Structure formats: structure tokens, C-alpha cells
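Peer 1: Oh and the sequence shown: position 394 is 394 in UniProt numbering, straight run, nothing missing. C-beta atoms are modelled at their ideal positions from N, C-alpha and C, and glycine is treated no differently. Computed from a predicted structure; not experimentally measured.
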Amino acid sequence: MSVRLGPYTLSALPADVRRPGYDRARLKRGILHIGVGAFHRCHQGEFTDDALEAAFGDWGIVGVNLRAPDLDETLGAQGGLYCRELRDHNTVERRLIGALIETISVGDAASLERALALAADPAIRVVTLTITEKGYCHVPATGLLDTGHPDIAHDLAHPRAPRSVPGFILEMLRRRFAAGAEAPTIISCDNVPDNGATLRRCVTGLAEAGRDPLAGRIAETVNFLNTMVDRIVPATAEADIERFAAETGILDLGLVIGEPFRHWMIEGAQGRDLPAWDRVGALYVPDVAPYEILKMRVVNGIQTGLCQLGLLSGIDYMADVMADPVFARFAREMIEAEVLPHLPAVPGIDVPAYLETTLSRLTNPALRHRTAQISTDGSQKIRQRLLEPLRAALAADTPCDRLLWGIAGWMVYAGGRDHAGRTFPVNDPLAGRTLALSAETGEDAGAYVRGLLSLETVFGTDLGTRPEIVAALTDRVARLRQRPARAIMADIIGGGA
Numbered sequence: 001m002s003v004r005l006g007p008y009t010l011s012a013l014p015a016d017v018r019r020p021g022y023d024r025a026r027l028k029r030g031i032l033h034i035g036v037g038a039f040h041r042c043h044q045g046e047f048t049d050d051a052l053e054a055a056f057g058d059w060g061i062v063g064v065n066l067r068a069p070d071l072d073e074t075l076g077a078q079g080g081l082y083c084r085e086l087r088d089h090n091t092v093e094r095r096l097i098g099a100l101i102e103t104i105s106v107g108d109a110a111s112l113e114r115a116l117a118l119a120a121d122p123a124i125r126v127v128t129l130t131i132t133e134k135g136y137c138h139v140p141a142t143g144l145l146d147t148g149h150p151d152i153a154h155d156l157a158h159p160r161a162p163r164s165v166p167g168f169i170l171e172m173l174r175r176r177f178a179a180g181a182e183a184p185t186i187i188s189c190d191n192v193p194d195n196g197a198t199l200r201r202c203v204t205g206l207a208e209a210g211r212d213p214l215a216g217r218i219a220e221t222v223n224f225l226n227t228m229v230d231r232i233v234p235a236t237a238e239a240d241i242e243r244f245a246a247e248t249g250i251l252d253l254g255l256v257i258g259e260p261f262r263h264w265m266i267e268g269a270q271g272r273d274l275p276a277w278d279r280v281g282a283l284y285v286p287d288v289a290p291y292e293i294l295k296m297r298v299v300n301g302i303q304t305g306l307c308q309l310g311l312l313s314g315i316d317y318m319a320d321v322m323a324d325p326v327f328a329r330f331a332r333e334m335i336e337a338e339v340l341p342h343l344p345a346v347p348g349i350d351v352p353a354y355l356e357t358t359l360s361r362l363t364n365p366a367l368r369h370r371t372a373q374i375s376t377d378g379s380q381k382i383r384q385r386l387l388e389p390l391r392a393a394l395a396a397d398t399p400c401d402r403l404l405w406g407i408a409g410w411m412v413y414a415g416g417r418d419h420a421g422r423t424f425p426v427n428d429p430l431a432g433r434t435l436a437l438s439a440e441t442g443e444d445a446g447a448y449v450r451g452l453l454s455l456e457t458v459f460g461t462d463l464g465t466r467p468e469i470v471a472a473l474t475d476r477v478a479r480l481r482q483r484p485a486r487a488i489m490a491d492i493i494g495g496g497a
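1) Does the count of Cβ pairs from the region 71-78 and the region 339-349 closer than 8 Å reach three?
2) Between ARG329 and GLU259, what straight-line distance do the alpha-carbon atoms span, to the nearest angstrom?
3) Below 8 Å, how does it come out for the region 189-196 and the region 127-145: are there three or more Cβ pairs, yes or no?
4) By a C-beta neighbour count over all protein chains shown, 10 Å radius and 16 as the cutoff for buried, is LEU144 buried or exposed?
5) Under 8 Å Cβ to Cβ from ASP377, same chain only, skipping five residues before and after it: list those, please.
6) Do VAL299 and ALA490 have their CB atoms nearer than 7 Å?
7) Hey, which unbroken runs of the alpha helix (DSSP H) at 4 residues or more fall wholly within the region 108-136?
8) Could you give the DSSP three-state label for PHE330: helix, strand or coil?
9) Identify which residue in GLN308, ASP151 and PHE168 has its Cα closest to the Cα of ARG200.
10) Pull up the DSSP beta-bridge partners for residue 511, would you.
11) Using 7 Å as the threshold, is the C-beta distance between PRO159 and GLY107 below it?
12) Just mark ALA393 as buried or exposed, buried being the case when its beta carbon has 16 or more other beta carbons within 10 Å.
13) Mind reading off the beta-carbon distance from HIS263 to VAL229? Whole number of angstroms is fine, and I expect it under 8 Å.
14) Assign ASP273 to one of three DSSP states: helix, strand, or coil.
15) Do GLY254 and TYR82 count as a contact pair if the criterion is CB distance below 7 Å?
16) Quick check on the DSSP output: the alpha helix (DSSP H) that includes TYR354 runs from which residue to which?
17) My understanding is that residue 511 touches ILE218, with C-beta atoms under 8 Å, so please give their C-beta distance in whole angstroms.
18) Only counting the same chain, and skipping five residues up and downstream in sequence, which positions put a Cβ closer than 7 Å to that of PRO14?
19) Do three or more CB pairs link the region 179-189 to the region 117-127 at distances below 8 Å?
20) Go ahead and pull the three-state DSSP assignment for ILE493.
21) Give, in chain order, every unbroken run of the alpha helix (DSSP H) that is at least 4 residues long and sits entirely within the region 150-194.
22) For VAL36 and ASN65, which I take to be in contact (beta-carbon distance under 8 Å), what is that distance rounded to the nearest angstrom?
23) Excluding the 5 residues flanking PRO156 on each side, which residues of the same chain have their C-beta closer than 7 Å to its C-beta?
24) Going by beta-carbon coordinates alone, are GLY267 and LEU294 separated by less than 7 Å?
25) Write down the C-beta distance between VAL203 and LEU170 rounded to the nearest angstrom, noting that I regard them as a contact closer than 8 Å.
26) Work out the CA separation of ARG176 and PRO166 for me, nearest whole Å.
27) Taking the DSSP output, what are the residues bridged to TRP264?
28) Check this for me: beta carbons of GLN78 and GLY148, under 7 Å apart or not?
29) To the nearest angstrom, report how far apart LEU367 and ALA110 are at their CA atoms.
30) Per the contact definition of three or more C-beta pairs closer than 8 Å, is the region 441-449 in contact with the region 380-398?
31) Looking only at DSSP bridge pairs, what is LEU100 linked to?
32) Helix, strand or coil: how does DSSP classify GLY30 here?
33) Assign HIS138 to one of three DSSP states: helix, strand, or coil.
34) May I have a chain-ordered list of the alpha helix (DSSP H) segments no shorter than 4 residues that lie completely inside the region 372-453?
35) Check SER105 in the structure and name its three-state DSSP category.
36) Taking the alpha carbon of ILE374 as the reference point, which residue from LEU403, ILE302 and ALA337 has its own alpha carbon closest?
Here is the structure:
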């Protein structure tokens with residue numbers, strides 16, 4: 001029989017679960033986090049818990065979700081408490097995280113007003129975000145605000161009742177400035193190139209589109225910091241919660257599971273009023289771009305380059321894809337021959353060793369990271385993970401065969417059916433368009449590829465004008481529609497495309 005995790009059931013936690021090393025009752029609001037998903041709880045939540053142990057301060061986290069998942073029945077009912085497990089093969093380390101002290105799920109006007117009021121409170125000195133790529137409401141190919149996005153259209157019509165994250169931040173800043181308060185430091189923690197600068201462009205772009213005079217002030221005075229974040233954190237499954245309850249006697253609906261590896265680089269953080277993150281492993285750097293490019297093109301490049309090929313081969317988990325010697329060799333060849341030659345110098349990082357660490361991380365069987373989860377929102381991810389490495393290879397006239405296979409894998413996935421004609425759900429903001437295009441073009445792989453390449457928000461305007469790229473992708477899409485991806489990869493490994 002298990003008991004629900006909460007402030008009054010902590011005595012039931014097993015002795016091997018590490019408790020916070022500070023007095024949680026003394027915590028006060030200091031951080032507002034938007035997007036309280038598994039990654040935040042396992043990454044920034046843990047970093048903040050570490051920082052509170054190293055140098056206690058008023059850095060309690062208020063978690064706000066503007067859309068699903070609802071926090072009230074999970075973290076809210078547990079007083080913000082949750083456990084995180086770090087799993088690496090057969091080793092497990094468990095910890096209770098106490099930094100989250102309040103949660104708000106925005107579902108109506110009253111909860112939105114409560115969230116905005118808290119965000120505008122001067123006690124909140126830092127706003128952090130993990131909202132996924134699509135939460136920025138931007139055009140991936142340009143990094144600019146997508147003024148045609150439904151939530152942006154709503155916020156232009158109803159600026160005081162925002163639905164989008166850019167709209168929420170704009171309204172928060174409007175309230176702060178009206179009260180004579182300073183803006184908080186805003187820290188984006190998503191896998192978006194120049195994430196802080198992108199968020200600034202989207203917020204100021206929304207203000208400009210609405211003819212809001214705050215646009216200039218926001219651009220000139222509000223600090224939007226760029227970051228690089230890294231830790232593999234799969235979505236928690238019901239089976240994970242049940243296993244944890246069976247092993248510990250604690251029912252924790254906020255449980256998160258991740259790997260031991262973690263990175264957090266923050267640009268422009270030196271000297272700011274922040275938790276002591278730099279004392280517990282975060283690096284404050286003058287330029288985050290080299291670290292960001294390395295991570296997105298190596299770690300995320302392998303994930304996005306192979307998740308669809310694995311999914312099209314009937315493989316459910318990324319660790320199983322990487323445990324396959326065919327896919328493991330494909331990943332290594334793609335990165336070593338087609339990506340690493342074009343990376344900038346990365347201060348303090350041994351790039352070949354980084355690749356070996358990455359390959360080891362991705363084969364960790366204790367992390368059940370679904371290929372379908374990694375494939376989610378691929379149209380928002382593919383630019384930085386595969387298309388930019390492809391452009392770099394094309395500019396240098398160096399090999400790009402494996403990158404093209406990864407891109408073709410996404411194209412076939414976006415059509416919603418595999419080589420045997422079996423259909424599967426496509427979880428992507430552009431799914432309606434890609435599925436319709438697949439249905440319209442039928443077996444004509446060339447027409448399908450040309451139609452996808454015409455999506456300028458994803459592919460820009462250059463790739464579709466290169467006949468050799470159109471032909472190469474058409475050939476790969478046609479082949480992936482005819483045979484299992486794994487069988488094709490086995491044929492081409494070591495022998496070119």
C-alpha cells in the first residue's frame with residue numbers, strides 16, 4: 001500500500017531518497033517558471049535545489065503552465081514536492097526536490113489573472129522558460145514571430161488576456177513598468193537557436209504588431225539570456241509511477257526520470273541577481289553559441305537524425321536504436337564525417353570525447369526515451385539539428401549523405417505511413433499540411449518532396465532550388481517508402497548512399 005507524496009508524508013520516504021539540505025519552510029517566491037514539464041523538474045529544478053543548498057536565498061520557484069499538463073492534481077496536490085530518479089544502466093539515485101513551492105495551471109480568466117499578478121510581483125526576479133520550440137510562436141527558418149499563429153492573432157486582439165508565451169511576457173512587462181518595477185531577468189531554456197534573443201524578437205515583434213509603445217523599451221532594457229541546456233529526460237510513463245510506488249511505498253504523480261549527465265551554459269549571467277547556479281555546475285559564459293551548436297548538432301542531431309529511421313523500423317526506444325550496430329555506425333559516420341568538420345571551436349570541450357560521451361548516453365537502456373516522443377514537433381527542430389549542418393556541408397562541398405537520410409526519415413514520418421502502408425500519428429504543428437500533401441501526391445515521391453521543401457517556414461528558400469538536393473531526397477523518400485529503414489541502412493553503411 002503506497003501513500004501520496006506531500007509535505008505531511010515525508011517520513012514515509014525510504015532512507016535512500018536524498019532530502020533537501022535546506023529549510024524549505026523559509027523559501028519565498030523568487031523565480032517564476034513557465035512550462036513545468038519533466039525537463040524543467042529534472043534540470044533547472046535540480047540545479048536550483050543544489051543552489052539553495054550551496055547559498056540559501058529567496059529563490060522558491062512558482063510554476064506556471066499556460067496549457068497542458070494540468071499541475072493541480074499532480075504537483076499542486078503534493079505541495080510542489082516531487083522525486084527525481086537518475087538512472088544509468090543498473091544504477092539508480094533518488095532525490096526529493098523541494099525548490100518548487102507553488103503551481104498555477106491557467107485554465108480560465110481567474111487563473112490567468114493570478115499567474116499574471118504573480119509574474120508582475122517585484123519579488124519575482126527571474127523568469128525561466130521550458131516551453132518547447134513551438135511555444136515561441138516563431139518561424140523556425142527565420143527566428144521571427146509568426147504573426148499568422150492563432151495564439152498570436154488572439155493576443156493582438158486581446159492583449160490583456162494572452163494565450164501565447166510572448167503575449168504573457170508582454171503583459172507581465174506592461175504591468176511591471178506601469179507599477180514602476182524593474183523587469184525580471186528572463187532565461188530561455190529550450191533547444192531553440194539563440195533562445196533568449198529569439199524570445200526577445202517574438203515579444204517585441206508582438207508589441208510592434210500591436211503598435212505597443214513598449215516595444216522599444218523592452219528591446220533596449222529587458223535582459224533575455226541565451227542558454228544551452230542538456231539532460232535526457234524522457235516523459236514519465238504510468239508504469240514508472242507504479243514501479244516507483246512499489247519500490248518506495250510512495251505514490252508520486254510528479255516523478256521525473258533522467259540521466260546523470262547535465263549541462264547548463266548561460267550567456268550574460270555574470271554579476272546578475274540569480275541563484276548560485278554557477279556554484280553547482282552551471283557555467284556562465286560570454287558566448288553560448290559554440291556550446292549550443294555543438295549540443296544541437298551532435299546530441300540532438302543524432303536523436304532527430306535517427307529517431308524517425310528507428311520508428312520506421314518498428315523500434316520504440318532510442319536506446320534500442322543506438323544499441324543496433326547498424327544505426328550506431330550510421331550515427332557515428334554522420335557526426336564524424338558530416339558534422340564535426342564544420343563545428344566552431346568550443347572553449348573547454350574536447351569534441352571527440354564529447355561525441356563518445358554522447359553515444360554512450362544515447363545507449364543507456366535505463367532511459368526509455370520513445371522514438372515517437374523525440375519525433376514530436378520535428379518541423380520545429382529539424383532546422384537547427386539537420387538542415388543547418390547540411391547547409392554547412394554543402395557550403396564546404398563535403399559529404400552529407402547521412403544527413404540527407406535523416407531529413408528523408410523526417411519527411412516519410414511526416415507523411416504518416418511506413419513502407420508497409422501502416423499509419424501512425426504525426427504529432428507536429430504542421431501535421432495537417434504534411435499529411436494532406438502526402439495524400440495528394442500519393443506514390444509520387446518527387447512531388448511530395450518538392451511540396452515539403454516549399455514550406456519556407458521550415459526549409460527556407462534555398463534547398464528547394466538545388467536540383468541535386470531535391471533528387472537525393474526524392475530517391476531516399478522513395479526507398480524508405482518501399483523497405484524498412486533498418487534494412488536500407490544495413491545496405492548503405494560503409495558504401496555511401
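Peer 2: Here's the rundown:
1) Contact check between the region 71-78 and the region 339-349: fewer than three CB pairs, one atom from each, fall below 8 Å, which does not count as touching.
2) The alpha-carbon separation between ARG329 and GLU259 amounts to approximately 23 Å.
3) Touching, yes.
4) So LEU144 ends up on the exposed side.
5) The beta carbon of ASP377 lies closer than 8 Å to those of THR132, GLU133, LYS134, ASN427, ASP428 and PRO429 in the same chain, with the five residues before and after it left out.
6) No. Outside cutoff.
7) Complete alpha helix (DSSP H) runs here, min 4: 109-120.
8) Correct three-state label for PHE330: helix.
9) Taking ARG200 as reference, the option from GLN308, ASP151 and PHE168 with the minimal CA-CA separation is PHE168.
10) Since the first and last residues shown for the chain are 1 and 497, residue 511 lies out of range.
11) No, the pair does not count as a contact, with Cβ atoms beyond the cut-off.
12) By the neighbour-count rule (16 or more Cβ atoms within 10 Å), ALA393 is buried.
13) Contact between HIS263 and VAL229 holds: CB atoms are separated by about 7 Å, below the 8 Å threshold.
14) In the structure shown, ASP273 sits in coil (DSSP, three-state: anything other than H, G, I, E or B).
15) Yes, the Cβ-Cβ distance between TYR82 and GLY254 is below 7 Å.
16) Its alpha helix (DSSP H) spans residues 351-362.
17) Beyond the ends of the chain as shown, which are 1 and 497, falls residue 511; an answer cannot be given.
18) Excluding positions up to five away in sequence, the list reads THR248.
19) Because the criterion of three Cβ pairs below 8 Å is met, the region 179-189 and the region 117-127 touch.
20) Of the three classes helix, strand and coil, the one that applies to ILE493 here is coil, per DSSP.
21) For the region 150-194, whole alpha helix (DSSP H) runs of length 4 or above, ordered along the chain, are 150-157 and 165-178.
22) In this structure VAL36 touches ASN65 by the C-beta definition: roughly 6 Å separates them, less than 8 Å.
23) Pro is not the amino acid found at residue 156; the sequence shown has Leu there. The residues are ALA209 and GLY210.
24) With the sequence shown as reference, residue 267 is identified as Glu, and Gly is not the correct amino acid for it. Not a contact, by the Cβ cut-off of 7 Å.
25) Right, the Cβ-Cβ distance comes to about 5 Å (below 8 Å), so this counts as a contact.
26) Computed Cα separation, rounded: 15 Å.
27) As computed with DSSP, TRP264 is found in a beta bridge with VAL229.
28) No.
29) Those two C-alpha atoms are separated by around 39 Å.
30) Result no; under three Cβ-Cβ pairs closer than 8 Å.
31) Per the DSSP secondary-structure output, LEU100 pairs in a beta bridge with ILE61.
32) Three-state DSSP puts GLY30 in a strand.
33) Three-state DSSP puts HIS138 in a strand.
34) Runs of the alpha helix (DSSP H) inside the region 372-453: 378-382, 388-396, 401-414, 431-441 and 445-453.
35) Under the three-state reduction of DSSP, SER105 is assigned to strand.
36) With distances taken between Cα atoms, ILE374 lies closest to ILE302.
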